[in-house]
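Position 61 (the sequence shown) corresponds to 60 in numbering that gives the first Met the number 0; numbering is contiguous. Think of the CB as a built atom: it goes at the ideal place given N, C-alpha and C, for glycine as much as any other residue. Computed from a predicted structure; not experimentally measured. So the structure is just underneath, and the comments pick up after that.
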Amino acid sequence: MATLCVSIQAPWPVLITQVACGNVHSLALSSGGDVLSWGKNSHGQLGLGKAVDIQTVPLPVRALLGVPVTQISAGGAHTLALTLHGLVYCCGANNAGQLGLNRVDEKGRFGICSVPALRDRDIRSICCGDAHTAVLTGNGHVYTFGEGAQGQLGHSSTANELQPKMVEGLDGPASQIACGSHHTLVLGSSNRLWAFGSGVRGQLGNGRSENSTQPTMVEPTWAGVEVHAASDFKISAGWNSNFVFFRPEKSTSELQLVGKLNDAQLQRWLTMTTGDQNDAEAERMIRIFSSSSSLVGSFIKDIEPQAKMPANSVRVDLQAASEAFDKLLQVPWIREAINIRPLVKILGDFSSAMKAADIFLLLPVCPLLHEDQNVIDLVLPLAVAITNLRDSVMELLQGWWGSMGKAMMSKHIQVWKHALSFLLRANLIKDYIPEVKATLEVLKYLHRANRKAEKSKQVHYTDFYIEELNQHSTMTVWRKNQGLQVQEMELTHEIFSRFPFLLNLPSKVLIYSYGAQATKETHQRMHQQAISGREGPNVFPAEVPTPVFMLKIRRTHLLEDTFRQLGATDHENFPKQLVVQFVDTTNLTLVDQKDFFLRTFKKLLAPVSGMFIYDDAKTLVWFPSKPEHETQRYFLFGILCGLALNNNSIVHLPFPLAMFKKLLGVKVTLEDLIEFSPVLGEHLRYTLYDSTDDDIENLDMTYSITWDDTEMELAPKEMGKLVTSKNKKAFVQAYVNYALNKSVERVFKEFKRGFFKVCAREVVEMFHPEELRGMMVGREDYDWDKLKQNTVYESGYHGNHPVIKMFWEVFDDFSHDQKKAFLLFLTGCGRVPILGMDQVRMTIRPRRESSQDHFPESLTCHAILDLPMYQSKETLQTLLTEAVNHKRGFWKE
Numbered sequence: 000m001a002t003l004c005v006s007i008q009a010p011w012p013v014l015i016t017q018v019a020c021g022n023v024h025s026l027a028l029s030s031g032g033d034v035l036s037w038g039k040n041s042h043g044q045l046g047l048g049k050a051v052d053i054q055t056v057p058l059p060v061r062a063l064l065g066v067p068v069t070q071i072s073a074g075g076a077h078t079l080a081l082t083l084h085g086l087v088y089c090c091g092a093n094n095a096g097q098l099g100l101n102r103v104d105e106k107g108r109f110g111i112c113s114v115p116a117l118r119d120r121d122i123r124s125i126c127c128g129d130a131h132t133a134v135l136t137g138n139g140h141v142y143t144f145g146e147g148a149q150g151q152l153g154h155s156s157t158a159n160e161l162q163p164k165m166v167e168g169l170d171g172p173a174s175q176i177a178c179g180s181h182h183t184l185v186l187g188s189s190n191r192l193w194a195f196g197s198g199v200r201g202q203l204g205n206g207r208s209e210n211s212t213q214p215t216m217v218e219p220t221w222a223g224v225e226v227h228a229a230s231d232f233k234i235s236a237g238w239n240s241n242f243v244f245f246r247p248e249k250s251t252s253e254l255q256l257v258g259k260l261n262d263a264q265l266q267r268w269l270t271m272t273t274g275d276q277n278d279a280e281a282e283r284m285i286r287i288f289s290s291s292s293s294l295v296g297s298f299i300k301d302i303e304p305q306a307k308m309p310a311n312s313v314r315v316d317l318q319a320a321s322e323a324f325d326k327l328l329q330v331p332w333i334r335e336a337i338n339i340r341p342l343v344k345i346l347g348d349f350s351s352a353m354k355a356a357d358i359f360l361l362l363p364v365c366p367l368l369h370e371d372q373n374v375i376d377l378v379l380p381l382a383v384a385i386t387n388l389r390d391s392v393m394e395l396l397q398g399w400w401g402s403m404g405k406a407m408m409s410k411h412i413q414v415w416k417h418a419l420s421f422l423l424r425a426n427l428i429k430d431y432i433p434e435v436k437a438t439l440e441v442l443k444y445l446h447r448a449n450r451k452a453e454k455s456k457q458v459h460y461t462d463f464y465i466e467e468l469n470q471h472s473t474m475t476v477w478r479k480n481q482g483l484q485v486q487e488m489e490l491t492h493e494i495f496s497r498f499p500f501l502l503n504l505p506s507k508v509l510i511y512s513y514g515a516q517a518t519k520e521t522h523q524r525m526h527q528q529a530i531s532g533r534e535g536p537n538v539f540p541a542e543v544p545t546p547v548f549m550l551k552i553r554r555t556h557l558l559e560d561t562f563r564q565l566g567a568t569d570h571e572n573f574p575k576q577l578v579v580q581f582v583d584t585t586n587l588t589l590v591d592q593k594d595f596f597l598r599t600f601k602k603l604l605a606p607v608s609g610m611f612i613y614d615d616a617k618t619l620v621w622f623p624s625k626p627e628h629e630t631q632r633y634f635l636f637g638i639l640c641g642l643a644l645n646n647n648s649i650v651h652l653p654f655p656l657a658m659f660k661k662l663l664g665v666k667v668t669l670e671d672l673i674e675f676s677p678v679l680g681e682h683l684r685y686t687l688y689d690s691t692d693d694d695i696e697n698l699d700m701t702y703s704i705t706w707d708d709t710e711m712e713l714a715p716k717e718m719g720k721l722v723t724s725k726n727k728k729a730f731v732q733a734y735v736n737y738a739l740n741k742s743v744e745r746v747f748k749e750f751k752r753g754f755f756k757v758c759a760r761e762v763v764e765m766f767h768p769e770e771l772r773g774m775m776v777g778r779e780d781y782d783w784d785k786l787k788q789n790t791v792y793e794s795g796y797h798g799n800h801p802v803i804k805m806f807w808e809v810f811d812d813f814s815h816d817q818k819k820a821f822l823l824f825l826t827g828c829g830r831v832p833i834l835g836m837d838q839v840r841m842t843i844r845p846r847r848e849s850s851q852d853h854f855p856e857s858l859t860c861h862a863i864l865d866l867p868m869y870q871s872k873e874t875l876q877t878l879l880t881e882a883v884n885h886k887r888g889f890w891k892e
């Protein structure tokens, strides 16, 4: 027991603005809004968890880090904290309901939580008695809860209250409250003071020593004292005593945070030169930037009292914070003074107990975290702190990420990308494996939040790409990962292969190609081993496995032969190298394979096939809700699509993006329906976003729809249900879900099953829907100059050869459609590969033993053009045009 005053040391430089004492515990509030506690923790009143029995020195209340607290109050063995948002947090004894949680905790509450019943009450002041609590709202109402045995709750009863209940019988709005051990004071209108509860010590001020269960007016013995304003009048309560005093001061009903950065302070600092600034200003800046609560409080949004913010709405002004940080760090003395390392250290130590995540929104918009020199000390520890957040806080943070908009999302992504890029460039990945994993996890959370965000707030998926993950290292990683199949890879880049959204498109294409090719080579080795007997006689007890998957097709029965053979083949053969042989040819070339896919898909997707429905313009197809064929045919069609992808063949597959989304498990939206059916989609968009209540009423729409020439009830249990302003969102969602999901569920399930019989699901799912579509059907961003630049010449031809000059003159005169037809003639595909025209490298060589009457020919599997040595441009133009328009260079009818 101390008999003399002693100085108490805080864990970091901090200015204390409030203190509060319970029976055996103490609290302190810093100017930045941080709460510290010490003393006994018998009932959880310190907010430090069950592991702490007694705390001898002040320690930050971890759960309240990043929460700008404006007022603290200590009861006998319970604690309350009021935040700048008007939320009330509590912990400690709750044997009488003094925490307002509508429950009793005999042993106390050791974890801090908010009081749900006060969440929307606009609380302005809090006060604790020994085992009861009072709060004051912005509109002057007083609520009490907890022990009521001596009437201290003012409810004309001695019963305990487990949740906040408003005190009746006051003369109007209250302005102040105070609690003694078992009594309560309320300052009402016109400076009338009311008291209720225990009066055995005369503490009710009414001349009697008895209890009162309802508010009674205190005799105004100070009536002769001159009071200039209501705010001059102050009340305070001791254990069994009261104090009334007069001090001109700003009203305590206005929530304020002393140590916060305001506009006036910001402008003063920005105008100071190095010589003007002093130690006091530097100290003030250090305090603000070392406190998460202070930073959060500095940029908290102004919200009207009782205003309800939308779910996932960000509470801090990130744009204002970003601008303030940018301005401050341009001033040399400020840049030198700001040090957020202690703050990051505290967050790293205590993030697992934190209740609020606002600080993790603010710090990534600070330029300091975007600099190479701060990656190790600031960014990596911050990533670890974020990944240590409890699940509920992380879920809240992800919701905020998804709602903060493109500009701020981009800043957040760049912090973590920059850190990984720096480590890759510096070859330091191996030295910080745990921190790198945490950084990757943060990016994964951001990626997930971005995908769930409204389209207008999403950044493009390419914003996540890390270019330093080059193709060579990526393929090496993938090879090791696939071979070892371990849960925790501790080798440099292996971790990156589990976060494919960071890989750029060339890297993912390389990984896919490598995986497909490796599988084909494995089957070929198994075949060689079987026939050579190296694996012993019992390894392949049945017939020797084939090294390839061969289709023998009659040109006149293309679809019939294809589906018959696909249906009869063992599914294990599909990932093998595909070989197509037409029965009227003996040579096996890739020309036949490209030719096969070109003709097969053309026939399958023609209306006469009856397999699909078409959009109004007959340019896009979709699966039917009433298929004319058995579902087995769609299973085989899926296999065929998988074979095309697995064998590097671009095919004609005019589906909307929705098909590729569904393959990858990505949710389809109204935008997807608009792509397939623009008229219907735009009508639904108008209904959802632009229509007024009168418009909806005049449209007289019901939940009865027509899709694929079939009438359907979207609400079968409510036949004829009308579309209204209240249910139009649900109506549009149901329409989209039926058209793109429910109506094709059975057919698409078989198509998808067939597709993944060929392709490795885990590899395909690396791609975004747009990328997968590009892989399968190519792109249409033609770069004809690039084709010319990449062309090589053989056997005497060169760039200045007269025939070559004539060829390019003729080609340049072609229309865009003729150039596309030439690309089809040259490569067997009229679209650009997913990685662009760089992947098309044409070789031009003289056609042997040709005359002026011979057509140009192409070898599509190698993009070779055999061009006769024409003597005139006219001849070249005529014969090349004829070859392009009417020949395929490789197809024989």
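Quick one: using the 10 Å Cβ neighbour count with 16 as the cut-off for buried, is residue i buried or exposed?
i: residue 561; result: buried
i: residue 396; result: buried
i: residue 484; result: Reliability of the predicted coordinates at residue 484 is poor, the pLDDT of 41 falling under 50, and the value obtained from them is presented with this limitation in mind. Exposed, since its Cβ has fewer than 16 Cβ neighbours within 10 Å.
i: residue 807; result: exposed
i: residue 645; result: buried
i: residue 459; result: exposed
i: residue 373; result: buried
Per DSSP, which residues does residue i bridge with? Please list them.
i: residue 400; result: Per DSSP, none; premise fails for residue 400.
i: residue 286; result: According to DSSP, residue 286 bridges with nothing at all.
i: residue 549; result: 578
i: residue 178; result: 183
i: residue 24; result: 38
i: residue 126; result: 133
i: residue 104; result: 93
In the DSSP assignment, find the unbroken alpha helix (DSSP H) run with residue i in it and report its ends.
i: residue 525; result: 504–531
i: residue 812; result: 801–812
i: residue 438; result: 432–451
i: residue 421; result: 405–424
i: residue 19; result: Looking at the DSSP string, residue 19 is not in any alpha helix (DSSP H); the run it does join, the beta strand (DSSP E), is 15–20.
i: residue 79; result: First-last for residue 79: 77–82, but that is the beta strand (DSSP E), not the alpha helix (DSSP H).
i: residue 865; result: No alpha helix (DSSP H) holds residue 865; the beta strand (DSSP E) holding it covers 863–866.
What is the residue span of the beta strand (DSSP E) that residue i lies within?
i: residue 93; result: 87–93
i: residue 161; result: 160–165
i: residue 242; result: 241–245
i: residue 896; result: No information on residue 896 is available, as it lies outside the stretch 0 to 892 that the chain covers here.
Thinking C-beta only, is residue j closer than 8 Å to residue i?
i: residue 842; j: residue 776; result: no
i: residue 28; j: residue 71; result: yes
i: residue 400; j: residue 323; result: no
i: residue 26; j: residue 34; result: yes
i: residue 781; j: residue 836; result: yes
i: residue 215; j: residue 205; result: yes
i: residue 356; j: residue 65; result: yes
i: residue 145; j: residue 76; result: no
i: residue 548; j: residue 507; result: no
Using a Cβ-based criterion (distance less than 7 Å to any ligand heavy atom), does residue i qualify as near the ligand SAM?
i: residue 426; result: The ligand SAM is not part of this structure, which contains no ligands at all.
* Asked: Do the stretch 822–841 and the stretch 866–875 touch if we need at least three Cβ pairs shorter than 8 Å?
  -> Segment contact: the stretch 822–841 against the stretch 866–875, fewer than three CB-CB distances shorter than 8 Å; contact not assigned.
* Taking 8 Å as the threshold, find out whether the stretch 329–342 comes into contact with the stretch 38–51 through three or more Cβ pairs. => no
* Asked: Is there contact between the stretch 601–608 and the stretch 695–709, where contact requires at least three CB pairs shorter than 8 Å?
  -> no
* To do: Could you say if the stretch 117–131 and the stretch 77–91 meet the contact criterion of at least three C-beta pairs nearer than 8 Å?
  => yes
* Pairing CB atoms from the stretch 197–212 with CB atoms from the stretch 261–273, are three or more of them under 8 Å? -> no
* Per the contact definition of three or more C-beta pairs closer than 8 Å, is the stretch 126–141 in contact with the stretch 86–101? -> yes
* When the Cβ atoms of the stretch 736–753 are set against those of the stretch 621–639, are three or more pairs found closer than 8 Å? -> yes
* Asked: At a cut of 8 Å, does the stretch 106–116 reach the stretch 145–157 through at least three beta carbon pairs?
  -> no
* So does the stretch 150–161 actually touch the stretch 191–202, counting three or more Cβ pairs closer than 8 Å? -> yes
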